[in-house]
Amino acid sequence: MASTTNVVYPDGTKKEYKILTSFEKNNNKIIVFDTGEIQNGLTLSGVSYFADGMYQNIINEDKWTEIRGYLIDILNNRIQNEDYRVVPDEVLVTADPYRPLSLRDGNLETIKKQYEDFLLAVQADAKKAEENVAITEVNNPVVETSPVPEQPVVTPDVPVQEAPAMPEAPVIAPMPEQPAVTPDVPVQEAPAMPEAPVIAPMPEQPAVTPDVPVQEA
(Lines of atoms letter the chains of each structure in order from A and count residues from 1; the text may use other names and numbers.)
(Lines give C-alpha, C1' and ligand atoms only; values in the text may rest on other atoms or scores of the structure.)
Protein backbone atom coordinates (compact mmCIF):
# COMPACT_ATOMS: atom_id res chain seq x y z
CA MET A 1 0.00 0.00 0.00
CA ALA A 2 1.22 3.43 -0.84
CA SER A 3 0.98 6.44 1.43
CA THR A 4 0.96 9.98 0.12
CA THR A 5 0.96 13.49 1.50
CA ASN A 6 0.72 17.02 0.18
CA VAL A 7 3.77 19.15 0.78
CA VAL A 8 2.94 22.82 1.18
CA TYR A 9 5.61 25.24 0.00
CA PRO A 10 6.16 28.70 1.54
CA ASP A 11 4.37 30.36 -1.41
CA GLY A 12 1.26 28.25 -0.71
CA THR A 13 1.65 25.85 -3.63
CA LYS A 14 1.12 22.15 -2.95
CA LYS A 15 2.54 19.01 -4.46
CA GLU A 16 1.63 15.42 -3.74
CA TYR A 17 4.45 12.99 -2.97
CA LYS A 18 4.52 9.28 -2.27
CA ILE A 19 6.09 8.44 1.06
CA LEU A 20 8.74 5.75 1.14
CA THR A 21 9.16 5.85 4.90
CA SER A 22 8.78 8.10 7.93
CA PHE A 23 10.34 7.60 11.35
CA GLU A 24 11.71 9.33 14.43
CA LYS A 25 15.01 8.47 16.11
CA ASN A 26 16.74 10.47 18.82
CA ASN A 27 14.39 13.43 18.25
CA ASN A 28 15.10 13.37 14.51
CA LYS A 29 11.84 13.35 12.53
CA ILE A 30 12.49 12.10 9.01
CA ILE A 31 10.36 11.66 5.89
CA VAL A 32 11.73 10.00 2.74
CA PHE A 33 9.77 11.00 -0.36
CA ASP A 34 9.63 9.29 -3.74
CA THR A 35 10.41 12.17 -6.08
CA GLY A 36 9.28 10.17 -9.09
CA GLU A 37 12.61 10.85 -10.81
CA ILE A 38 15.20 8.39 -12.13
CA GLN A 39 18.88 9.28 -12.06
CA ASN A 40 21.49 7.03 -13.67
CA GLY A 41 18.98 4.18 -13.61
CA LEU A 42 18.35 4.62 -9.89
CA THR A 43 15.24 5.91 -8.15
CA LEU A 44 15.81 9.39 -6.76
CA SER A 45 14.39 9.76 -3.26
CA GLY A 46 14.28 12.90 -1.14
CA VAL A 47 15.25 12.80 2.54
CA SER A 48 13.65 15.59 4.59
CA TYR A 49 14.43 16.61 8.16
CA PHE A 50 11.95 18.40 10.47
CA ALA A 51 13.22 21.58 12.10
CA ASP A 52 11.74 24.98 12.97
CA GLY A 53 8.22 23.78 12.20
CA MET A 54 8.96 22.63 8.61
CA TYR A 55 10.55 19.75 6.75
CA GLN A 56 13.70 20.77 4.92
CA ASN A 57 16.93 19.79 3.28
CA ILE A 58 19.65 18.27 5.46
CA ILE A 59 22.57 20.61 4.92
CA ASN A 60 24.65 19.84 7.99
CA GLU A 61 26.95 16.94 7.08
CA ASP A 62 27.14 15.54 10.59
CA LYS A 63 23.35 15.42 10.72
CA TRP A 64 23.29 13.82 7.28
CA THR A 65 25.73 11.12 8.38
CA GLU A 66 23.54 10.38 11.41
CA ILE A 67 20.36 10.12 9.34
CA ARG A 68 21.99 7.93 6.69
CA GLY A 69 22.93 5.57 9.52
CA TYR A 70 19.20 5.25 10.39
CA LEU A 71 18.40 4.41 6.76
CA ILE A 72 21.01 1.66 6.90
CA ASP A 73 19.33 0.40 10.09
CA ILE A 74 16.05 0.14 8.15
CA LEU A 75 17.76 -1.94 5.45
CA ASN A 76 19.07 -4.23 8.18
CA ASN A 77 15.68 -4.40 9.96
CA ARG A 78 16.98 -2.61 13.04
CA ILE A 79 14.21 -0.01 13.23
CA GLN A 80 11.26 -1.01 15.41
CA ASN A 81 7.59 -0.40 14.61
CA GLU A 82 7.37 2.14 17.42
CA ASP A 83 9.98 4.25 15.61
CA TYR A 84 7.84 4.68 12.49
CA ARG A 85 5.40 7.57 12.15
CA VAL A 86 2.18 8.13 10.22
CA VAL A 87 2.52 11.25 8.04
CA PRO A 88 -0.27 13.85 8.12
CA ASP A 89 -2.24 14.65 4.99
CA GLU A 90 -0.27 17.88 4.64
CA VAL A 91 3.17 18.93 5.79
CA LEU A 92 4.90 22.29 5.58
CA VAL A 93 8.24 22.38 3.77
CA THR A 94 10.84 24.99 2.94
CA ALA A 95 11.61 26.07 -0.59
CA ASP A 96 14.40 23.46 -0.55
CA PRO A 97 12.50 20.57 1.05
CA TYR A 98 14.83 17.53 0.89
CA ARG A 99 18.25 16.12 0.21
CA PRO A 100 18.34 13.80 -2.83
CA LEU A 101 19.40 10.18 -2.35
CA SER A 102 19.61 7.57 -5.12
CA LEU A 103 18.39 4.08 -4.17
CA ARG A 104 18.94 0.79 -5.89
CA ASP A 105 15.79 -1.19 -6.53
CA GLY A 106 16.52 -3.76 -3.81
CA ASN A 107 17.09 -1.08 -1.15
CA LEU A 108 14.05 0.87 -2.36
CA GLU A 109 11.79 -2.16 -2.02
CA THR A 110 13.12 -3.00 1.44
CA ILE A 111 12.48 0.53 2.75
CA LYS A 112 8.99 0.56 1.24
CA LYS A 113 8.16 -2.91 2.60
CA GLN A 114 9.17 -2.06 6.17
CA TYR A 115 7.00 1.05 6.15
CA GLU A 116 4.02 -0.67 4.53
CA ASP A 117 4.10 -3.38 7.20
CA PHE A 118 3.95 -0.65 9.83
CA LEU A 119 0.95 0.99 8.14
CA LEU A 120 -0.85 -2.36 7.91
CA ALA A 121 -0.31 -2.90 11.64
CA VAL A 122 -1.71 0.56 12.36
CA GLN A 123 -4.79 -0.19 10.26
CA ALA A 124 -5.28 -3.56 11.97
CA ASP A 125 -5.09 -1.93 15.41
CA ALA A 126 -7.60 0.72 14.36
CA LYS A 127 -10.00 -1.90 13.00
CA LYS A 128 -9.70 -3.97 16.16
CA ALA A 129 -10.43 -0.92 18.27
CA GLU A 130 -13.54 -0.18 16.18
CA GLU A 131 -14.74 -3.77 16.58
CA ASN A 132 -14.27 -3.58 20.34
CA VAL A 133 -16.30 -0.40 20.43
CA ALA A 134 -19.03 -2.04 18.34
CA ILE A 135 -19.14 -5.06 20.67
CA THR A 136 -19.36 -2.78 23.68
CA GLU A 137 -22.25 -0.90 22.10
CA VAL A 138 -24.10 -4.17 21.39
CA ASN A 139 -23.62 -5.40 24.94
CA ASN A 140 -24.50 -2.05 26.40
CA PRO A 141 -27.00 -0.51 24.01
CA VAL A 142 -27.66 3.11 24.52
CA VAL A 143 -31.39 3.71 24.62
CA GLU A 144 -32.20 7.11 23.34
CA THR A 145 -35.20 8.63 24.99
CA SER A 146 -37.03 11.41 23.29
CA PRO A 147 -37.58 14.35 25.56
CA VAL A 148 -41.21 14.72 26.63
CA PRO A 149 -42.55 17.88 25.05
CA GLU A 150 -43.39 20.44 27.59
CA GLN A 151 -47.15 20.69 28.03
CA PRO A 152 -48.61 24.16 28.02
CA VAL A 153 -50.30 25.19 31.20
CA VAL A 154 -54.07 25.29 30.51
CA THR A 155 -55.94 27.92 32.46
CA PRO A 156 -59.74 27.43 32.51
CA ASP A 157 -61.61 30.27 30.86
CA VAL A 158 -63.36 31.48 33.99
CA PRO A 159 -64.50 35.08 34.00
CA VAL A 160 -62.64 37.00 36.57
CA GLN A 161 -65.00 38.75 38.96
CA GLU A 162 -63.64 41.71 40.69
CA ALA A 163 -64.44 41.87 44.35
CA PRO A 164 -66.75 44.81 45.16
CA ALA A 165 -64.88 47.72 46.48
CA MET A 166 -65.31 48.08 50.19
CA PRO A 167 -66.87 51.44 51.17
CA GLU A 168 -64.47 53.69 52.81
CA ALA A 169 -64.96 53.87 56.53
CA PRO A 170 -66.24 57.32 57.58
CA VAL A 171 -63.78 59.40 59.36
CA ILE A 172 -65.12 59.98 62.88
CA ALA A 173 -64.01 63.22 64.39
CA PRO A 174 -62.98 62.89 68.00
CA MET A 175 -65.59 64.08 70.49
CA PRO A 176 -64.68 67.32 72.25
CA GLU A 177 -63.64 66.77 75.80
CA GLN A 178 -66.67 67.44 78.12
CA PRO A 179 -66.08 69.28 81.36
CA ALA A 180 -66.79 67.23 84.48
CA VAL A 181 -70.31 68.08 85.73
CA THR A 182 -70.91 67.97 89.46
CA PRO A 183 -74.67 67.77 90.33
CA ASP A 184 -75.90 70.71 92.37
CA VAL A 185 -77.13 68.69 95.38
CA PRO A 186 -77.51 70.60 98.67
CA VAL A 187 -75.30 69.25 101.37
CA GLN A 188 -77.29 68.30 104.47
CA GLU A 189 -75.49 68.11 107.71
CA ALA A 190 -76.28 65.10 109.88
CA PRO A 191 -78.29 66.10 113.02
CA ALA A 192 -76.25 66.22 116.09
CA MET A 193 -76.83 63.26 118.38
CA PRO A 194 -78.14 64.25 121.92
CA GLU A 195 -75.63 63.76 124.59
CA ALA A 196 -76.24 60.71 126.77
CA PRO A 197 -77.41 61.64 130.29
CA VAL A 198 -74.97 61.11 133.01
CA ILE A 199 -76.39 58.48 135.42
CA ALA A 200 -75.20 58.87 138.94
CA PRO A 201 -74.11 55.61 140.61
CA MET A 202 -76.61 54.03 142.91
CA PRO A 203 -75.75 54.27 146.64
CA GLU A 204 -74.47 51.00 148.04
CA GLN A 205 -77.34 49.20 149.89
CA PRO A 206 -76.63 47.42 153.21
CA ALA A 207 -76.96 43.62 153.18
CA VAL A 208 -80.34 42.47 154.55
CA THR A 209 -80.55 39.21 156.52
CA PRO A 210 -84.03 37.70 156.62
CA ASP A 211 -85.38 36.99 160.05
CA VAL A 212 -85.70 33.21 159.79
CA PRO A 213 -86.12 31.25 163.04
CA VAL A 214 -83.41 28.76 163.76
CA GLN A 215 -84.59 25.25 164.28
CA GLU A 216 -82.43 22.81 166.23
CA ALA A 217 -81.98 19.34 164.94
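For the sequence shown, position 210 (counting from the first letter as 1) is numbered 210 according to this note's numbering, and the numbering increases by one without interruption. Note that beta-carbon positions come from the ideal geometry of N, C-alpha and C, so glycine has one too.
(message) Distance check for Ser-22 and Gly-69, CA to CA, integer angstroms please.
(response) 14 angstroms
(request) Return the CA-CA distance between Glu-116 and Asn-140, expressed in angstroms with no decimal places. (result) 36 angstroms
(message) On the DSSP letters alone, give me the boundaries of the beta strand (DSSP E) that Gly-12 sits inside.
(response) Gly-12 -> no beta strand (DSSP E), and no H or E assigned at all.
(message) Which same chain residues end up closer than 7 angstroms to Gln-39 when comparing Cβ atoms and leaving out the 5 residues on each side of it in sequence?
(response) Ser-102
(message) Taking only three categories from DSSP, how would you classify Val-86?
(response) coil
(message) Could you check whether Thr-5 and Val-87 sit closer than 8 angstroms to each other, using their CB atoms as the reference points?
(response) yes
(message) Using only the alpha-carbon positions, how far apart do Ala-51 and Asp-73 sit?
(response) 22 angstroms
(request) If I'm right that Glu-24 touches Arg-85 with Cβ under 8 angstroms, what's the distance once you round it to whole angstroms? (result) 6 angstroms
(request) Output yes or no for whether 8 angstroms exceeds the beta carbon distance between Leu-20 and Val-7. (result) no
(message) To the nearest angstrom, how far is the alpha carbon of Asn-256 from that of Val-138?
(response) For residue 256 there is no data in the structure shown, the boundaries of the chain being 1 and 217.
(message) Spatial neighbours of Glu-16 within its chain, please: C-beta separation below 6 angstroms, excluding the five flanking residues on both sides.
(response) Thr-4 and Asn-6
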